[in-house]
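Be aware that the sequence shown starts at 1, since it is given in the numbering used here, and climbs by one per residue. Built from N, CA and C at the ideal position, the CB exists for glycine as well.
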Amino acid sequence: MRFILLNPGPVSLSEGVRRAATRVDLCHREPEYFELQDRVISGLLDIYSCAPGHWASVLIGGSGTSAMEAMMASLLPQETRLLVLENGVYGERLSRIADIYDIPNQSLKLAWGEAVDLDALGDMLASGEFSHLAAVHHETTTGRLNPVDEIAALCTRHGVQLLLDAVSSFGAESIPFEEPSLLAIAATANKCLHGIPGLAMVLCRREALEQGIKPRSLSLHLPAWAEQQARQSTPFTPSVNAVLGLAQALKELGKQGGWRARRSRYRELAARVADTLKDLRVREWLAAEESSCVLRSYHLPERLSYNELHDGLKQHGFIIYAGQGDLATKLFRISTMGEISNYDMARLEQALRIVIGA
Ligand SMILES: Cc1ncc(COP(=O)(O)O)c(C=O)c1O
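1) If you drop the 5 nearest sequence neighbours on each side, which residues of the same chain put their C-beta closer than 7 Å to that of S233?
2) Which one of D326, R333, A287 has the shortest CA to CA distance from L309?
3) Any heavy atom of ligand 1 inside 7 Å of the beta-carbon of D165?
4) Can you grab the Cα-Cα spacing for the pair R216 / D102, in whole Å?
5) Which one of A208, R347, S292, P223 has the shortest CA to CA distance from L313?
6) Give the secondary structure of I319 by DSSP, where H, G and I count as helix, E and B as strand, and everything else as coil.
7) Quick one: does the C-beta of S63 sit closer than 7 Å to a heavy atom of ligand 1?
8) Between the beta-carbon of L246 and the beta-carbon of V40, is there less than 8 Å?
9) Hey, would you say the C-beta of S168 is under 7 Å away from at least one heavy atom of ligand 3?
10) Is V136 near ligand 1, with its Cβ less than 7 Å from a heavy atom?
11) Relative to the C-alpha of S95, which candidate in D165, P238, L44 has its C-alpha closest?
12) Take the Cβ of E30 as the centre, count every other Cβ of all protein chains shown within 10 Å, and call the residue buried at 16 or more, exposed below.
13) May I ask you to list the residues that DSSP assigns as paired with Y298?
14) What separation, rounded to the nearest whole angstrom, lies between the Cα atoms of C204 and L304?
15) Can you give me the start and stop residues for the beta strand (DSSP E) that D46 sits inside?
16) With a threshold of 6 Å on Cβ separation, who are the neighbours of E114 within its own chain once the five nearest residues in sequence on each side are excluded?
17) What first and last residue would you give for the alpha helix (DSSP H) that runs through R267?
18) Tell me where the beta strand (DSSP E) around N105 begins and ends.
19) Between which two residues does the beta strand (DSSP E) carrying Q350 extend?
20) Answer with buried or exposed for P10, where buried requires no fewer than 16 other C-beta atoms within 10 angstroms of its C-beta.
21) Just to check, is the beta-carbon of T276 closer than 7 Å to a non-hydrogen atom of ligand 1?
22) Determine which residues share a DSSP beta bridge with A187 and list them.
23) Considering only residues of the same chain and omitting the five flanking positions on each side of R81, which have a CB-CB separation below 7 Å?
24) I'd like to check one pair, A200 with S66: are the Cβ atoms closer than 8 Å?
25) Starting from the N-terminal side, write out each stretch of the alpha helix (DSSP H) that is 4 residues or longer and does not extend beyond the region 76–122.
26) Got a sec, what are the start and stop residues for the beta strand (DSSP E) D165 sits in?
27) Got a sec, what are the start and stop residues for the alpha helix (DSSP H) A224 sits in?
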């Protein structure tokens, strides 16, 4: 059975990406691979028009968490005084990574899904206690889109450098690359970029790679990856098939109109799902204005457990996603990333009516 994935990555692939990923067998030490690697590295910078003189894009093997970890472990100097903004699972994960790498950190802890209190954040940043802020752009836990423009502007005002987990927003939401405080973002191939899993990336200012930071990890040290990628090499075996898939996915993103067009498409699909659910008296967890274009969360319908809802929709070919932790019994999440046609949407609306309306 063909499933349409409405979980927040991996996503349903286009035929083009699926084919490209297995089109040829490539040795990662041959010029054909390095030409491909160069193309993907510059394609990633092009999405947000990041000038290659100022920004580097570094490809690594692994999942989104590898990108978060590589960013934190490679770019934060020993004397860092880190503040972490937490309002969901992934903010908490940033703190956990900092703890594991013995990076001194404090957090501004909010409830999962709670809006960022910009005054409180501004006061903390103004205290002079912090050199860096780590934050999540789209907190996939609940779908909340954190106000990254305001956060980055506060960081710039207070001379704090910002590390952003953009794993579930890169390629479809606005990211303030022009803001001087933004030092790096972590992302992955298999969410808004519509590539296949196994490949992650960090985009960072070039000077971030030149801080002389002692490696805290062998396989996640970004300056080593970047240095070798710059001279058409690679330190370890890359996920060649994921790179092939991503090259095609980037081509398709460009043809479809880039990240802005993708955001419009996601918004349109999310609104269609929200309208159908509203009709079925399913309440939204967060309002549309507070949610990303990527994913929205909803209260579980009164008469259905998550498993009943999930299994019912799966029978119609749709995979939705549960809430995490304590939210598992309260909400469900629907992401509209990936290759989803208008026909798929019409079928989804019908399936929702059958399963929830029954
Ligand atoms: C915002 C965010 N950060 C990090 C991750 C972790 O990515 P992965 O599961 O690929 O390691 C996710 C996964 O959904 C995410 O949504």
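Taking the structure as given:
1) none
2) R333
3) Checking every heavy atom of ligand 1 against the Cβ of D165, one is found closer than 7 Å.
4) 10 Å
5) R347
6) If DSSP states are grouped into helix, strand and coil, I319 belongs with the strands.
7) S63 Cβ: within cutoff of ligand 1.
8) Taking 8 Å as the Cβ cut-off, L246 and V40 qualify as a contacting pair.
9) Here the bound small molecules are ligand 1; ligand 3 is not part of this structure.
10) yes
11) D165
12) exposed
13) E284, F332
14) Each residue's alpha carbon lies about 45 Å from the other.
15) Unbroken run through D46 is the alpha helix (DSSP H), 31–47; no beta strand (DSSP E).
16) N87
17) Start and end: 258–279.
18) 105–109
19) Premise fails: Q350 lies in the alpha helix (DSSP H), 342–357, not in any beta strand (DSSP E).
20) Per the 10 Å Cβ criterion, buried.
21) no
22) M201
23) P104, E129, F130, S131
24) yes
25) Counting only runs of 4 or more, we get 89–100.
26) Per DSSP, the continuous beta strand (DSSP E) segment holding D165 begins and ends at 161–165.
27) 222–230
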